[in-house]
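Before any comments, here is the structure.
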Amino acid sequence: MTAEELAHLRRARDFMDRNYAQPLNVPAMARAAHASPSHFARQFRQAFGESPYQYLMTRRIERAMALLRGSDLSVSEISLAVGCQSLGSFSTRFREIVGMTPRQYRACTPAIRSVPPCAAMMITRPSRNREETPVAAD
Numbered sequence: 047m048t049a050e051e052l053a054h055l056r057r058a059r060d061f062m063d064r065n066y067a068q069p070l071n072v073p074a075m076a077r078a079a080h081a082s083p084s085h086f087a088r089q090f091r092q093a094f095g096e097s098p099y100q101y102l103m104t105r106r107i108e109r110a111m112a113l114l115r116g117s118d119l120s121v122s123e124i125s126l127a128v129g130c131q132s133l134g135s136f137s138t139r140f141r142e143i144v145g146m147t148p149r150q151y152r153a154c155t156p157a158i159r160s161v162p163p164c165a166a167m168m169i170t171r172p173s174r175n176r177e178e179t180p181v182a183a184d
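49 is the number that my numbering gives to position 3 of the sequence shown; each next residue is one higher, with no gaps.
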């Protein structure tokens, strides 16, 4: 991958970070990278280790986590605020990435509310590339 291609991919990633709450699809993201949708999707996965859709959903869930910690909005309102049109899909992705439902997450985060937002973001940042917990040998 050339430096120019990587710069275009970073531009597309920044576009996704800025517009996460908007309806985005791969063709729109590919336009930001000046590439065809299929080439963009392959290059993005190669450069960043996840598909464009996975990256976008991780950013949306990250923002939802912040809203769950710092607001009294309902889970439905948060789902719409971060760009998810379906509450069911949002809850499924949230549980897949975070390991618990949005309501469970909100219930277990009172201690994090006293932490500065920048530190809370680092502590709770979602990751699709988690390492598995080693199993103890008998």
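Every residue gets a Cβ at the ideal spot worked out from N, C-alpha and C, and that includes glycine. This structure is a prediction, so every number in the text was calculated from the model and none was measured.
If you draw a straight line from the C-alpha of residue i to the C-alpha of residue j, how long is it?
{"i": "Glu-51", "j": "Gly-129", "result": "28 angstroms"}
{"i": "Leu-55", "j": "Gln-131", "result": "26 angstroms"}
{"i": "Arg-141", "j": "Met-103", "result": "12 angstroms"}
{"i": "Ala-87", "j": "Gly-116", "result": "34 angstroms"}
{"i": "Arg-57", "j": "Asp-63", "result": "10 angstroms"}
{"i": "Met-138", "j": "Thr-147", "result": "Before going on, a small fix: residue 138 reads as Thr here, not Met. Cα-Cα distance, rounded: 8 angstroms."}
{"i": "Ala-74", "j": "Ala-127", "result": "20 angstroms"}
{"i": "Pro-83", "j": "Phe-136", "result": "24 angstroms"}
{"i": "Ile-124", "j": "Leu-114", "result": "8 angstroms"}
Report the residue from the options whose alpha carbon sits nearest the alpha carbon of residue i.
{"i": "Gln-68", "options": "Thr-147, Arg-106, Ile-143", "result": "Arg-106"}
{"i": "Phe-61", "options": "Gly-134, His-85, Ser-122, Tyr-101", "result": "Tyr-101"}
{"i": "Met-47", "options": "Pro-98, Met-75, Arg-91", "result": "Arg-91"}
{"i": "Ala-93", "options": "Ala-49, Gly-145, Val-144", "result": "Ala-49"}
Taking 7 angstroms as the CB-CB cut-off, is residue i touching chain C?
{"i": "Thr-147", "result": "The question asks about chain C, but that chain is absent: this structure has only one protein chain."}
Inset, instruction - Check whether the segment 139 to 158 touches the segment 108 to 116, taking contact to mean three or more Cβ pairs, one atom from each stretch, closer than 8 angstroms. - result: yes
Legend entry - Complete runs of the beta strand (DSSP E) confined to the segment 62 to 138 [at least 3 residues]: none
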